[in-house]
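Colleague: Going by the numbering used here, the sequence shown opens with residue 550, and the numbers climb by one from there. Quick reminder that beta carbons are idealized off the backbone N, C-alpha and C, glycines included. Before anything else, here's the structure in question.
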Amino acid sequence: AATKLASAEKLMYFCTDQLGLEQDFEQKQMPDGKLLVDGFLLCIDVSRGMNRNFDDQLKFVSNLYNQLAKTKKPIVVVLTKCDEGVERYIRDAHTFALSKKNLQVVETSARSNVNIDLAFSTLVQLIDKSRGKTKIIPYFEALKQQSQQIAAAKDKYEWLVSRIVKNHNETWSNVSRKMQSSPEYQDYVYLEGTQKAKKLFLQHVHRLKQEHIERRRKMYLAMLPQAFEALIPDLDEIDHLSCVKVEKLLETKPDFLKWFIVLEETPWDATSHIDNMENERIPFDLMETQPAEQLYEAHLEKLRNERKRAEMRRAFKENLETSPFITPGKPWEEARSFIMNEDFYMWLEESIYMDIYSKHQKQIIEKAKEEFQELLLEYSELFYELELDAKPSKEKMGVIQDVLGEEQRFKALQKLQAERDALILKHIHFVYHPTKETCPSCLVCVDSKIEHLISSRFIRPSERNQKNLLSDSNIDRINLVILGKDGLARELANEIRALCTNDDKYVIEGKMYELSLRPIEGNVRLPVNSFQTPTFQPHGCLCLYNSKESLSYVVESIEKSRESTIGRRDNHLVHLPLTLILVNKRGDTSGETLHSLIQQGQQIASKLQCVFLDPASAGIGYGRNINEKQISQVLKGLLDSKRNLNLVSSTSSIKDLADVDLRIVMCLMCGDPFNADDILLPILQSQ
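Below you can see the structure in the form of C-alpha cells.
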C-alpha cells in the first residue's frame, strides 16, 4: 500500500514462471530515485483454487482495501480468471465492491485477453479526470465482442494466407516474412499471437498437401482401369485370382513399367513422389488400397459381363438362324415372341437385339433375293415371248407368278411382294437390254470388275504424277512434334503459334497450311507423351537441346519412339524427318562449352541421320531468337519430305506400264465366283 517506491535497477514486473528465462521477456527497470504511485488495481481471483477458502480471501482483500483507502489514491477492483470464474465468488466480489463508495469493478481474463486494457484505462481515467469516462463492460459481453473481433480477424488472416500460399511446400519463415507488413497479419497476431498464426498457416499447408495428394490419387485411380485393360484384358487369365496374385501377374507383363512405378519407400503419399509431376505412372503400392481393389473387382466384373453379353449375342444369333419362324421380311414385333426369353432381357437391352435382328434380316433378305434371281434364270423360257419394250401385261405377270408360285424360293419373299415383283421386272429389263448397268449381279458383274481392275491398277504415265500429287488430301496440313526438355518445347511452340494466324494457319511460299503442334517434354512411352495419337499423325519432329542432359533426353526419346513401332505395320515413325537444333542458354558465353555441344549435336545428327542446326549457322538462340524465315525453312523441308513419302507410297507394286490397247475375251457367267486378279494380271503383265 506504499505510495512511494525506491528500488533502483530492479525489474518493475517479475513473475516466478520467468525464473531462469528473464532474458526471453521484455524488461523494464525501476527508475533511479523514488517512484510515485498514482493508483491501485486490487485483484481478486474468482476461480476455484486448491486449498483456498474464498471467504478468507475476501477478508484479506477487505483489509488490504482499508489500507489502500488511507492513501486517498484511486482504486479499481479487478476480478481475475473470469474464464474459470465461480458465479458465487463473482457475485460476492461485486457485493463487496458495492459496500464501498464509488468502487468500480472490472471482470477480466488474462488468458483470454478480455478487459485487460479496460482495467488499466479505467484506473487512468480515475487518476486523470480530464479523460473521458470509460464504459465498463461485463466479462461475457466483452468476451463475445472479442470473439467476434477475433473471428473477423481470423477470416481476414486465413484469406491472406490462402492468397499468398498456393504450394504445400511453403515454409513459415518465408511466408511470415512476406505477410509482415499486411494489416490482416498484424491484427490477428496482436489478438491471438504468433503461435496461433503459425498454427493456422500449418493447417492451410496441410490442407493443400492433402488436396494435392487427393488430386494425384484420383488421377492414378482414373488411369488404373486403362492399365487393367492394357495388361490383363483376358478373363481366362485372371478369373478367380485374388488381388495379391494379380499384383504378381502384373509385374510379369512386358508393359508393366509403362503403367506402374515401384517406389523404394512406401506408401507413395508419404514420400517425395507426390511432387514428381513429370512421372505420371501409377505407384504400384496403390494396388494395396481398397479403392484399387474395388477397381480390379469392377474390371473383373466388366470382363465377366462382356463375356456373358457376347454369349447372349451368339445365342440370340443362333436362335435366329435355327428358328423356322424367322423368314425374310418378318417384322420384329411378329418375331419377338418366338425368339426372346428372360435371359436375353436380363443381359442386353431390346434395342441391341433389334439391331442384331435387323442385320440378320438384311442377310436373309439378300440371300433370298440371290436365290430368287437364280430361280428367274432357271425359268428363262417364261420371258421369251414378251414384247420388245419388255413391259409384261397383267395376264403375263399372272402366268409367271403361277408357274413360280410352287417354288420355295418364290415363297421365301412372300412378305416382300413389292420387292419380288420389282426383281421380276428388273430381270425382264435385263433380258432385253443386257448391259453392266442393268445386270442383276451389280458389283460382281464381270464387265464392271474388269473395268475397275484396269482403271485402279494401271495408270497412264501422263496422269501418274498428277494423281500422286493430288492423292493425299491431307497435303495442306503439317503435324509437327517439338521435342525438348525443361520448357524448351513449350517455349518454341508458343513462339511458332505467335507467328500463325488466329485459326492456326501458317503461310509457306504464298500458300496457307494448317499447322498442328505437339510439344513433348516427358516420357514418350506414356500415352500422354506419345509421338502419334488417333487424331495426330506426325510429319516431322524438331528436337531441341541446350545441354548434355537435354541432348541425352532427345536421343533416348527418339530411340524409344522408334522401338515402339518396330514390327508394326504403321512403322513410319522410323523414317520420321528429324531436325536437331542447339539453342543457347541465357547468359552462356562459354565458347568451349558451345563448341562441345555443337560437336556432340553433329555426331548425334549423323547417328540419327537428321538435319543439324547450330546457333552459328541458323542464328537461333534459346528458342526466343528464332525468326519467321528460319521456321519457314524448317517447315518447307518437312513439307518436301512429306510429298516425297506420298509419291513413294503411291507407287504400285506392279511395274509401270505404257498405254496398252487390251482386247480380252472372257466367257464367264456374271456372278460366278472368281478372282479377277488371278485371271487378268498375268495377261496384263505379259503386255
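#1: So, with DSSP's three-state summary, where would you put T984?
#2: DSSP three-state label for Y1055, please.
#3: Is DSSP giving N1023 helix, strand or coil here?
#4: Counting along the chain, where does the beta strand (DSSP E) carrying T876 start and finish?
#5: Does the contact criterion of 3 or more C-beta pairs under 8 Å hold for the region 822–829 versus the region 862–873?
#6: Near K1054, what residues of its chain come up, given a Cβ to Cβ distance below 8 Å and the 5 sequence neighbours on each side ignored?
#7: Using the Cα positions of V635 and Y706, report the straight-line distance between them to the nearest angstrom.
#8: Compare the beta carbon distance of L1122 and T1114 with 8 Å and say whether it is the shorter of the two.
#9: With respect to the beta strand (DSSP E) encompassing C1092, which residues constitute its N-terminal and C-terminal limits?
#10: Straight-line CA distance for R1039 to S696?
#11: Please classify N1043: is it buried, with 16 or more other beta-carbons within 10 angstroms of its beta-carbon, or exposed?
#12: Taking D604 as the reference, which of F893, A961, T644 and C631 has the closest Cα?
#13: Whole-angstrom Cβ separation of K553 and K583, contact assumed at under 8 Å?
#14: How about the region 770–788 and the region 724–737: do they share at least three Cβ pairs that are nearer than 8 Å?
#15: Using the C-alpha atoms, what's the distance from Y933 back to E944?
#16: I believe V528 touches K630 by the beta-carbon criterion, under 8 Å. Please report the beta-carbon distance rounded to the nearest angstrom.
#17: Taking the Cβ atom as the reference point for each residue, do N1324 and L757 lie within a distance shorter than 8 Å?
#18: For K559, is the classification buried or exposed, using 16 other Cβ atoms within 10 angstroms of its Cβ as the cut-off for buried?
#19: What is the DSSP secondary structure of V627, counted as helix, strand or coil?
#20: Give me the Cβ distance between S1190 and I1057, rounded to the nearest whole Å; I'm assuming they're in contact under 8 Å.
#21: Looking at V793 and Y845, is the spacing between their C-beta atoms short of 8 Å?
#22: Between which two residues does the beta strand (DSSP E) containing M579 stretch?
#23: Could you tell me whether the region 743–761 touches the region 805–814, using the rule of 3 or more Cβ pairs below 8 Å?
#24: Tell me whether S1198 sits in a helix, a strand or coil according to DSSP, three-state version.
#25: Would you kindly work out how many angstroms separate the C-alpha atoms of Q576 and R637, rounded to a whole number?
#26: Quick one: what's got a C-beta closer than 7 Å to V1073's C-beta in the same chain, skipping five residues either side?
#27: On the three-state DSSP scale, how would you describe Q653?
#28: If I'm right that A884 touches Y906 with Cβ under 8 Å, what's the distance once you round it to whole angstroms?
#29: In terms of residues, what are the limits of the alpha helix (DSSP H) holding E800?
#30: Determine the burial state of F574: buried for a count of at least 16 other Cβ atoms within 10 Å of its Cβ, exposed for fewer.
#31: Which two residues bound the contiguous alpha helix (DSSP H) that contains F959?
Modeller: Working from what's here:
#1: coil
#2: strand
#3: Low per-residue confidence applies at N1023: pLDDT is 47, beneath 50, and the placement is therefore not dependable enough to give any value.
#4: From DSSP, T876 is part of no beta strand (DSSP E); its letter is neither H nor E.
#5: no
#6: M1061, Y1062, E1063 and L1064
#7: 34 Å
#8: yes
#9: G1089 to Y1094
#10: 51 Å
#11: exposed
#12: T644
#13: 5 Å
#14: no
#15: 15 Å
#16: Since the displayed the chain opens at 550 and closes at 1236, residue 528 lies outside it and no answer follows.
#17: One cannot answer for residue 1324 here, as it falls past the ends of the chain, which runs 550 to 1236.
#18: exposed
#19: strand
#20: Rounded, the Cβ-Cβ distance is 14 Å, inconsistent with contact.
#21: no
#22: Note, M579: premise wrong, no beta strand (DSSP E); not H, not E.
#23: no
#24: Residue confidence is low: S1198 scores 48 on pLDDT, short of 50, so the model does not pin down where it sits. No coordinate-derived value is stated.
#25: 37 Å
#26: S1079, F1080, S1106, K1109 and S1110
#27: strand
#28: 7 Å
#29: C792 to E800
#30: exposed
#31: Q957 to K960
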